[in-house]
Structures are given as structure tokens and as C-alpha cells.
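Quick notes on the structure that follows.
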Amino acid sequence: MKIIVTGGAGFIGGNFVHLMVNTYPEDQIICLDKLTYAGNMETLQPVMDKPNFQFVKGDIADRPFVYQLFEDVKPDVVINFAAESHVDRSIEDPGIFLQTNVIGTGVLLDACRKYGIQRYHQVSTDEVYGDLPLDRPDLFFTEETPLHTSSPYSASKASADLLVMAYYRTFKIPATISRCSNNYGPYHFPEKLIPLMIANALNDKPLPVYGKGENVRDWLYVEDHCKAIDLIVRKSRVGEVYNIGGHNERTNLEVVKTVLRELGKSEDLITYVTDRPGHDMRYAIDPTKIHRELGWLPETKFDDGIKKTIQWYLDNKSWWENIISGEYQNYYEKMYANR
Ligand code: NAD
Ligand code: DAU
Numbered sequence: 020m021k022i023i024v025t026g027g028a029g030f031i032g033g034n035f036v037h038l039m040v041n042t043y044p045e046d047q048i049i050c051l052d053k054l055t056y057a058g059n060m061e062t063l064q065p066v067m068d069k070p071n072f073q074f075v076k077g078d079i080a081d082r083p084f085v086y087q088l089f090e091d092v093k094p095d096v097v098i099n100f101a102a103e104s105h106v107d108r109s110i111e112d113p114g115i116f117l118q119t120n121v122i123g124t125g126v127l128l129d130a131c132r133k134y135g136i137q138r139y140h141q142v143s144t145d146e147v148y149g150d151l152p153l154d155r156p157d158l159f160f161t162e163e164t165p166l167h168t169s170s171p172y173s174a175s176k177a178s179a180d181l182l183v184m185a186y187y188r189t190f191k192i193p194a195t196i197s198r199c200s201n202n203y204g205p206y207h208f209p210e211k212l213i214p215l216m217i218a219n220a221l222n223d224k225p226l227p228v229y230g231k232g233e234n235v236r237d238w239l240y241v242e243d244h245c246k247a248i249d250l251i252v253r254k255s256r257v258g259e260v261y262n263i264g265g266h267n268e269r270t271n272l273e274v275v276k277t278v279l280r281e282l283g284k285s286e287d288l289i290t291y292v293t294d295r296p297g298h299d300m301r302y303a304i305d306p307t308k309i310h311r312e313l314g315w316l317p318e319t320k321f322d323d324g325i326k327k328t329i330q331w332y333l334d335n336k337s338w339w340e341n342i343i344s345g346e347y348q349n350y351y352e353k354m355y356a357n358r
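Reminder that position 306 of the sequence shown reads as 325 in our numbering, one-by-one numbering, no gaps.
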């Protein structure tokens with residue numbers, strides 16, 4: 020099979036490319052990535068020389084470019100990870116989120132329609148369901164939970180999901196969607212909670228916790244997410260949505276304290292800062308459907324995954340130090356200086 024993986028130089032896409040290239044030597048993996056601030060060729064270094072891997076730099080929202088790529092490659096499968104992915108950035112500047120996440124998805128779908136495709140898979144997020152109250156631990160997101168978004172990021176992802184379902188129904192594009200909870204693991208960009216806290220703790224810098232740190236996220240080790248997507252693409256029926264998550268709910272404060280404990284650092288580093296506007300309280304996935312239909316279960320428990328992740332950041336300092344020493348400093352200053 021020829022598989023185009025968009026956004027493969029980012030966190031989850033990069034982990035997915037590694038898994039595909041190594042698991043399926045008979046498949047051809049073509050990574051299409053614009054290399055925005057979040058894309059990093061160092062993430063792809065371990066697969067660059069593999070005969071079944073190819074990298075192409077480009078924008079999923081660039082219609083002539085995408086059509087030409089489809090003509091050249093004639094892909095059997097497209098898996099769309101490419102996105103602007105950070106909620107805080109979407110609050111600062113929503114425009115690029117509409118361009119990449121909505122228009123870009125539309126261009127990919129049009130290319131599938133024009134050239135034909137065996138499977139289009141959209142990597143979506145549990146954030147399309149909005150949030151759950153903290154005092155109702157009995158509630159979970161199922162695939163039937165209505166879309167109800169909070170941030171420009173989640174609104175753009177929900178819009179893309181609606182486009183995918185419309186193209187499935189109207190044009191019979193053989194599409195699927197997965198909606199996963201928060202990922203963590205290697206190659207996670209240090210603007211996100213867990214890698215940010217690891218990097219700051221290692222540098223003895225304050226750990227900025229939004230509000231009271233009581234918001235709950237449902238953490239999944241990135242490799243478990245990648246395996247779930249692989250199963251969906253190869254085994255599921257078309258036109259289906261699958262939630263992905265492993266019942267690993269933690270408050271932000273619990274996560275931050277775990278990172279500090281693992282690194283032997285003091286909790287005095289925790290600094291409470293102004294809350295994120297519109298901050299979602301709790302995410303929690305019900306993964307019953309993917310378990311029943313495809314047999315998927317997460318393999319990594321949070322307590323093991325967080326240890327492995329911290330060890331990766333200790334062993335790969337140059338990967339994240341290169342990021343935080345560059346343009347990222349301006350971002351950090353802007354986001355956190357007066358918070
Ligand atoms: P990321 O920000 O780490 O990576 C995004 C990648 O997409 C980067 O390599 C970037 O260069 C590329 N990209 C951005 N705009 C592009 C464009 N116009 N054309 C081509 N490439 C472009 O994101 P991530 O955390 O790896 O998330 C990947 C996908 O998974 C996203 O669609 C996101 O919504 C979804 N998701 C993320 C999480 C999470 O916890 N990180 C959870 C559920 C779903
Ligand atoms: O649920 C899936 C989503 O998870 C994905 O769709 C998004 O792409 C991904 O970025 C992530 O979104 P979150 O907003 O949940 O992740 P983030 O790491 O930005 O924040 C996690 C929690 O930590 C959230 O409640 C906000 C809080 N936080 C975050 C940062 C960056 C802090 O308290 N301090 C911080 O400095």
C-alpha cells in the first residue's frame with residue numbers, strides 16, 4: 020500500500036510514521052508536512068534512510084500542490100494528522116487554525132474525490148465534544164455525544180469532522196474518524212503541559228499551572244494511539260467514528276506533581292497563573308466501541324508511560340533544547356510573561 024501521512028514531522032504523526040515504517044516494510048510511507056514551528060525533521064531522523072519512507076514538504080491547504088502529489092503518488096490511503104494543535108495559540112490567533120484544520124482537510128478530501136482512495140482517515144480529538152463537569156465522574160464521551168466546542172482549535176477540528184462525514188455521505192469517500200484523548204510520550208512539543216513541565220523542572224524554572232490545576236485530562240501513551248489508528252485504517256468499516264482513550268484521568272496538578280517527584284524536584288517550583296479563557300474542565304473517553312469492534316486496548320499504564328517519557332526527555336535533551344533555545348523563547352515570553 021502507498022500511505023500518505025500528513026503532519027508526520029509532528030508529535031503523534033512522527034510516532035505513527037516510525038511505527039508504520041518499521042512494522043510494514045512492504046508498504047510505502049509518504050510523509051507530507053509543511054514544517055511549521057511544530058514540525059521537526061529531527062523527529063523523522065530515525066526513518067529518513069529507510070527504503071519504504073519518503074518525505075515531502077508541503078501544505079495540505081495548497082490545492083495545486085496536493086493534487087500534483089496525488090497524481091504522482093497515487094495513494095491507497097491518506098491519514099491526516101496535519102493540524103494546528105495548540106489550544107492557547109488558537110486563542111491568540113484563530114485564523115491559521117481555520118486555514119489548516121478546515122480548508123486543509125477540505126483540500127485533502129477533494130483530492131481523494133478526484134483521484135480515488137481506498138481509505139481516508141481523519142485524526143480528530145475528544146475536544147470536539149466540549150467538556151464534562153468535575154462533579155459527574157460517571158459521565159464519559161461516547162461517539163454519540165453531541166459536538167459542542169469551546170476553543171477556536173476544537174471548533175476547527177469539529178468543522179473538519181463534519182466535512183469528512185459530509186464527503187462520506189455525499190461522495191461516498193471511504194472515510195473514518197478517530198477522536199483521541201490527550202497524548203503524551205516522545206517527541207511531544209514543549210509548549211504542551213507534560214513536556215513543558217519536564218523541561219522547566221529540569222531547568223529549575225517555574226511550572227505554570229493554569230487556574231487551580233483542578234482540570235482533568237485523560238492521558239494516553241502516544242504509541243497506544245498510533246496502534247489504534249493503524250487498526251481502524253486496516254480493519255474497521257467506513258463511515259465510522261471511534262473514540263480512543265484508556266481511562267487514565269488525572270488533574271493537571273497531579274500530573275505536574277508526578278513529574279516533579281520523578282525528577283526529584285521541589286513542589287515549590289509550581290506557580291499558579293491566570294487560567295486559560297474558556298478552559299475545558301474535564302475530558303474522559305469511553306473507548307467501548309473500539310474495544311468491542313476492533314479489540315483495541317491500551318498497553319501502557321500512565322505510571323509506566325510517564326516514567327518512559329521522562330527518561331526519553333533526559334536521553335534526548337538536544338531534541339527539545341534545540342526547540343526551546345530558538346523562536347520558541349518569543350512564544351514563551353508572550354504567553355507567560357504577564358500571566
Ligand atoms: P503537532 O502540532 O505536534 O504536529 C502537527 C504537524 O502538522 C507538524 O509537523 C506541522 O508541521 C504539521 N502541519 C501543520 N500545518 C500543516 C499544513 N498546513 N500542511 C502540512 N502539515 C502541517 O500535533 P500533534 O499533537 O502531533 O497532533 C496531531 C493530530 O492529532 C492533530 O490533528 C491533533 O488535532 C490530533 N490530536 C492530538 C492530540 C494530542 O494530545 N496531542 C490528541 C488527540 C488528537
Ligand atoms: O484532548 C486532546 C487534546 O489534548 C488535543 O486535541 C490537543 O491538540 C492537545 O494540545 C491537548 O489539548 P489540551 O489543551 O488538553 O493540552 P495542553 O497540554 O495544552 O494542556 C493540558 C492541560 O494543562 C490543560 O488543562 C491546560 C493545562 N496547562 C497547559 C499548559 C501549556 C497548564 O496548566 N499550564 C500550561 O502551561
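Note that the Cβ used here is the ideal one computed from N, Cα and C, for glycine as well.
All of these numbers come straight from a predicted model, not from anything done at the bench.
Going by the C-beta, is residue i closer than 6 Å to any heavy atom of ligand 3?
i       : result
Val-241 : Ligands in the displayed structure: ligand 1 and ligand 2; ligand 3 is not one of them.
Give me the residue from the options with the minimum Cα distance to residue i.
i       : options                            : result
Lys-211 : Ser-344, Asn-357, Thr-319, Ser-104 : Ser-104
Pro-165 : Ser-175, Val-183, Glu-146          : Glu-146
Met-216 : Gly-77, Tyr-332, Asp-95            : Tyr-332
Gly-264 : Ala-218, Lys-320, Pro-209          : Lys-320
Ser-169 : Asp-323, Tyr-86, Asp-299           : Asp-299
Ser-109 : Asn-234, Leu-313, Arg-295          : Arg-295
Tyr-229 : Ser-285, Ala-174, Ile-196, Val-292 : Val-292
Ala-130 : Ile-325, Glu-61, Asp-334, Val-183  : Val-183
Asn-222 : Ala-174, Asn-267, Tyr-302, Ser-285 : Ser-285
Gln-118 : Ala-179, Asn-59, Lys-21            : Ala-179
Phe-74  : Ala-80, Thr-62, Pro-83, Lys-176    : Thr-62
Tyr-172 : Leu-128, Gly-114, Lys-224, Leu-153 : Gly-114
Ala-303 : Gln-330, Glu-268, Thr-290          : Glu-268
Ala-356 : Thr-290, Thr-328, Asp-334          : Thr-290
Asp-91  : Glu-312, Ile-23, Gly-345           : Ile-23
Ile-192 : Phe-160, Phe-208, Leu-151, Arg-256 : Arg-256
Val-106 : Lys-246, Asp-68, Ala-174           : Ala-174
Ile-213 : Thr-189, Phe-116, Lys-327          : Lys-327
Val-85  : Asp-52, Thr-277, Gly-258, Asn-41   : Asp-52
Met-60  : Tyr-186, Tyr-351, Gly-27           : Gly-27
Gly-345 : Phe-30, Pro-209, Lys-176           : Pro-209
Tell me whether residue i counts as near ligand 1, meaning its Cβ is closer than 6 Å to at least one heavy atom of that ligand.
i       : result
Thr-201 : As written in the sequence, residue 201 is Asn, which differs from the Thr given in the question. Yes, ligand 1 has a heavy atom inside 6 Å of this Cβ.
Asp-52  : yes
Phe-116 : no
Asp-78  : yes
Thr-328 : no
Thr-55  : yes
Phe-72  : no
Phe-30  : yes
Output yes or no for whether 7 Å exceeds the beta carbon distance between residue i and residue j.
i       : j       : result
Ile-48  : Met-39  : yes
Lys-254 : Glu-162 : no
Gly-33  : Tyr-206 : yes
Trp-315 : Leu-250 : yes
Asp-243 : Pro-317 : yes
Leu-2   : Ile-196 : Because the chain is modelled from 20 through 358, residue 2 falls outside the range shown and cannot be assessed.
Gln-220 : Leu-279 : Residue identity check: residue 220 is Ala in the sequence provided, not Gln. Their beta carbons are under 7 Å apart, which means Ala-220 touches Leu-279 by this criterion.
Tyr-134 : Phe-89  : yes
Leu-153 : Arg-301 : yes
Is there at least one non-hydrogen atom of ligand 2 closer than 6 Å to the beta-carbon of residue i?
i       : result
Pro-225 : no
Arg-236 : yes
Val-97  : no
Val-92  : no
Val-106 : yes
Val-257 : no
Val-142 : no
Glu-146 : yes
Leu-212 : yes
Asn-271 : yes
Tyr-302 : yes
Cβ contact check for the segment 132-143 and the segment 83-103: 3 or more pairs under 8 Å: Yes, since at least three Cβ pairs between the segment 132-143 and the segment 83-103 fall closer than 8 Å, the two stretches touch.
Beta strand (DSSP E) runs contained entirely in the segment 225-289, provided each spans 3 or more residues: Counting only unbroken stretches of 3 or more residues, the beta strand (DSSP E) elements lying wholly within the segment 225-289 are 226-229, 235-237, 260-263, 268-270, in sequence order.
Any 3 or more C-beta pairs closer than 8 Å across the segment 115-127 and the segment 258-274: Because the criterion of three Cβ pairs below 8 Å is not met, the segment 115-127 and the segment 258-274 do not touch.
Touch test, the segment 190-210 against the segment 230-244, Cβ-Cβ under 8 Å, three pairs minimum: Contact holds: three or more Cβ-Cβ distances are below 8 Å.
Ranges of the beta strand (DSSP E) found wholly within the segment 110-149, counting only runs of at least 3: Within the segment 110-149, the complete beta strand (DSSP E) runs of at least 3 residues are 138-144.
Minimum length 3: unbroken beta strand (DSSP E) runs contained in the segment 38-64: Complete beta strand (DSSP E) runs here, min 3: 47-52.
Whole alpha helix (DSSP H) elements within the segment 163-229, 4-residue minimum: Listed in chain order, they are 171-190, 212-221.
Alpha helix (DSSP H) runs wholly inside the segment 293-341, at least 4 long, in chain order: Here the runs fully enclosed are 307-313, 321-334.
3 or more residues per run - each beta strand (DSSP E) lying fully within the segment 68-115: Those beta strand (DSSP E) runs which fall completely within the segment 68-115 and span 3+ residues are 72-76, 96-99.
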